[in-house]
Amino acid sequence: MKPLNHTVTEFKESIFSTMTKLAIDHEAINLSQGFPDFDGPQWIIDLAKNAMDQGNKLGYVGKNQYAPSSGILPLREAISKNYKRFYNLDFDPASEIVVTNGATEAIFCACMALINPGDEVIVFEPFYDSYLASLQMAGARVVPVTLKAPNFSFDSEELIAAINPKTKMVILNNPHNPTGKIFSSEEIKSIAELARKFDFYILSDEVYEFLTYETSHTPTACFEDLANRTITISSTGKTFGLTGWKIGWACGPKEIIKAIHNVHQFTTFCVAHPLQVAMAEALNNMDQYLIEFKADYLKKRNTLVKGLKECGFNILNPQGTYFAMALLPEGENDVDYCKRLIVEKKVATIPTSAFYLKSNEGSKMIRFCFAKKDETLKNAIKNLTL
Ligand code: PMP
Ligand code: GLN
Numbered sequence: 149m150k151p152l153n154h155t156v157t158e159f160k161e162s163i164f165s166t167m168t169k170l171a172i173d174h175e176a177i178n179l180s181q182g183f184p185d186f187d188g189p190q191w192i193i194d195l196a197k198n199a200m201d202q203g204n205k206l207g208y209v210g211k212n213q214y215a216p217s218s219g220i221l222p223l224r225e226a227i228s229k230n231y232k233r234f235y236n237l238d239f240d241p242a243s244e245i246v247v248t249n250g251a252t253e254a255i256f257c258a259c260m261a262l263i264n265p266g267d268e269v270i271v272f273e274p275f276y277d278s279y280l281a282s283l284q285m286a287g288a289r290v291v292p293v294t295l296k297a298p299n300f301s302f303d304s305e306e307l308i309a310a311i312n313p314k315t316k317m318v319i320l321n322n323p324h325n326p327t328g329k330i331f332s333s334e335e336i337k338s339i340a341e342l343a344r345k346f347d348f349y350i351l352s353d354e355v356y357e358f359l360t361y362e363t364s365h366t367p368t369a370c371f372e373d374l375a376n377r378t379i380t381i382s383s384t385g386k387t388f389g390l391t392g393w394k395i396g397w398a399c400g401p402k403e404i405i406k407a408i409h410n411v412h413q414f415t416t417f418c419v420a421h422p423l424q425v426a427m428a429e430a431l432n433n434m435d436q437y438l439i440e441f442k443a444d445y446l447k448k449r450n451t452l453v454k455g456l457k458e459c460g461f462n463i464l465n466p467q468g469t470y471f472a473m474a475l476l477p478e479g480e481n482d483v484d485y486c487k488r489l490i491v492e493k494k495v496a497t498i499p500t501s502a503f504y505l506k507s508n509e510g511s512k513m514i515r516f517c518f519a520k521k522d523e524t525l526k527n528a529i530k531n532l533t534l
């Protein structure tokens with residue numbers, strides 16, 4: 149038989165699937181894959197149910213039929229309105245926003261839309277695993293720049309050395325998974341300066357935009373001169389605790405969004421229609437919810453960080469996201485350590501070496517997810533104390 153596509157056949161199983169399976173097999177508390185062990189708000193779920201039940205009764209196109217390929221207009225309008233309200237950013241709902249199956253699809257479509265084989269893309273490591281796969285499918289050469297613990301700042305010299313005339317794009321994830329870092333204005337400004345000088349795009353993955361603690365989030369597109377070369381990607385999975393709904397989007401200059409839509413149109417065409425109806429309404433009515441959401445997660449973060457410190461972990465306090473990193477004792481290895489935690493302590497975490505290409509820093513850290521009920525966090529800490 150002729151060989152299959154050599155790029156995709158070499159992909160390994162995502163570390164998130166691997167660790168969740170191990171957690172189930174060992175009946176361990178799952179603080180590995182990033183998803184809440186509780187549901188998002190019932191009122192949003194009811195909105196989706198209602199959209200399904202109403203079906204054709206709601207309007208010209210039945211809500212159980214295909215949605216417009218770019219996303220239903222009320223959802224694109226709600227997204228646009230929130231960017232204006234929260235960040236004073238202008239995205240035209242008609243031409244500068246495309247709704248995708250989660251941020252993951254937006255990332256894939258953006259990579260396909262912007263990259264020609266042989267282009268280089270700089271990725272800060274540790275990175276969310278889909279960046280590498282999407283870039284490889286698009287034929288990019290991936291150039292890692294390491295964020296160094298404990299602050300996870302990058303070395304400007306290393307970044308500058310990574311840039312050359314083939315550099316097409318930099319992927320920035322802010323707030324950052326898995327480190328919980330929020331990039332400082334100075335850091336983003338220094339990337340902005342390089343983007344102008346060397347003419348590259350910035351894909352800014354901001355799915356944790358509302359999961360910030362002491363500092364608030366500023367989208368990359370808000371920085372001077374960056375709006376015209378930034379693709380802003382986000383989704384509702386984390387914000388509403390509905391990761392299984394996979395409602396995401398990409399926003400940016402209309403030529404770029406058109407190209408991203410071209411890819412989206414021929415990969416999935418559109419996103420689950422009734423879920424879009426619900427999300428449009430949720431995004432229009434999220435202010436009170438956000439206050440409670442942020443307070444809840446702040447409490448969860450503090451519970452986990454304090455609890456793990458008391459268990460003797462060298463835990464790094466995250467500024468954003470729902471993850472916290474722990475530095476392992478000298479001589480330990482992340483994969484072996486995670487396996488031991490699952491088997492002996494019945495707690496599943498993520499070995500972070502999976503998020504690095506260049507540095508071996510990842511083998512010295514593990515990631516905990518605190519998007520869990522207080523009871524789950526307390527039980528995990530109890531197990532780890534024993
Ligand atoms: N980007 C980052 C940094 C993530 O952690 C995740 C994962 N949950 C995603 C993108 C994917 O988001 P979605 O579930 O909306 O596809
Ligand atoms: N982003 C989530 C995490 O970091 C997982 C998403 C996924 O499983 N694809 O754990």
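Using the working numbering, the first residue of the sequence shown is number 149, and each one after it goes up by one.
Every residue gets a Cβ at the ideal spot worked out from N, C-alpha and C, and that includes glycine.
Item to complete: Enumerate, from N- to C-terminal direction, the unbroken alpha helix (DSSP H) stretches of 4 or more residues contained entirely within the stretch 234-321.
Response: Residue ranges of uninterrupted alpha helix (DSSP H) with 4 or more members, entirely inside the stretch 234-321 and ordered along the chain, are 250-262, 277-285, 304-310.
Item to complete: Give me the Cβ distance between I245 and G219, rounded to the nearest whole Å; I'm assuming they're in contact under 8 Å.
Response: Contact between I245 and G219 is confirmed by a C-beta separation of about 7 Å, below the 8 Å threshold.
Fill in: Distance cut-off 7 Å: V355 Cβ against heavy atoms of the ligand PMP
V355 Cβ: within cutoff of the ligand PMP.
Worksheet item: By Cβ distance below 8 Å, which residues in the same chain neighbour E335 in space, the five residues on each side in sequence not counted?
Response: Counting only Cβ-Cβ distances below 8 Å, and skipping sequence neighbours, we find S301, F302.
Worksheet item: Which whole-angstrom value is the C-beta distance of A286 and M260, which I expect to be below 8 Å?
Response: The Cβ separation is near 5 Å, so the contact holds.
Worksheet item: Is C486 helix, strand or coil when you go by DSSP?
Response: The answer is helix: DSSP assigns C486 an H, G or I state.
Worksheet item: Taking buried to mean at least 16 other C-beta atoms within 10 Å of its own C-beta, is Q424 buried or exposed?
Response: By the 10 Å Cβ count, Q424 comes out buried.
Item to complete: Can you tell me which of the three DSSP states A472 falls into?
Response: The answer is strand: DSSP assigns A472 an E or B state.
Fill in: Integer Cβ distance of I192 from A426, believed to fall under 8 Å
That pair is a contact at about 5 Å.
Worksheet item: Which residue or residues does DSSP assign as beta-bridge partners of G396?
Response: Note: G396 sits in a beta bridge opposite T248, S383.
Fill in: Residue of L390, F388, F348, A398 minimising C-alpha distance to P367
Nearest C-alpha to P367: A398.
Worksheet item: From I490 to H174, what distance separates their C-alpha atoms?
Response: Between I490 and H174, the C-alpha separation is close to 7 Å.
Discussion item. Alpha carbons only, please: which of C459, K386, E458 is nearest the one belonging to L438?
Written reply: It is K386.
Discussion item. Shorter than 7 Å, the distance from the beta carbon of N325 to the closest heavy atom of the ligand GLN, or not?
Written reply: At least one heavy atom of the ligand GLN is nearer than 7 Å to the Cβ of N325, so yes.
Discussion item. Let me check you understand the geometry: is the CB of K448 closer than 7 Å to at least one non-hydrogen atom of the ligand PMP?
Written reply: Between the ligand PMP and K448, a heavy atom-to-CB distance of less than 7 Å is absent.
Practice prompt. Measure the beta-carbon distance from I319 to Y279 and round it to whole angstroms, keeping in mind my assumption that it falls under 8 Å.
Written response: At roughly 5 Å, the Cβ-Cβ gap stays under 8 Å, so I319 and Y279 are in contact.
Discussion item. Any heavy atom of the ligand GLN closer than 7 Å to the beta-carbon of G182?
Written reply: The ligand GLN has a heavy atom closer than 7 Å to the beta-carbon of G182.
Item to complete: Please say whether D482 and S501 have beta carbons closer to each other than 8 Å?
Response: Contact: yes.
Fill in: Spatially closest choice to L446 from S333, E305, S364, by CA coordinates
Ranked by Cα distance from L446, the options S333, E305, S364 are led by S364.
Discussion item. Distance check for F164 and V355, CA to CA, integer angstroms please.
Written reply: Taken atom to atom, the span from the alpha-carbon of V355 to that of F164 is near 17 Å.
Worksheet item: If you run the structure through DSSP and keep just helix, strand and coil, what is D444?
Response: D444: helix per DSSP, three-state reduction.
Worksheet item: What do you get for K448, buried or exposed, if any count of 16 or more other CB atoms within 10 angstroms of its CB means buried?
Response: The Cβ neighbour count for K448, taken over all protein chains shown within 10 Å, is at least 16; the residue is labelled buried.
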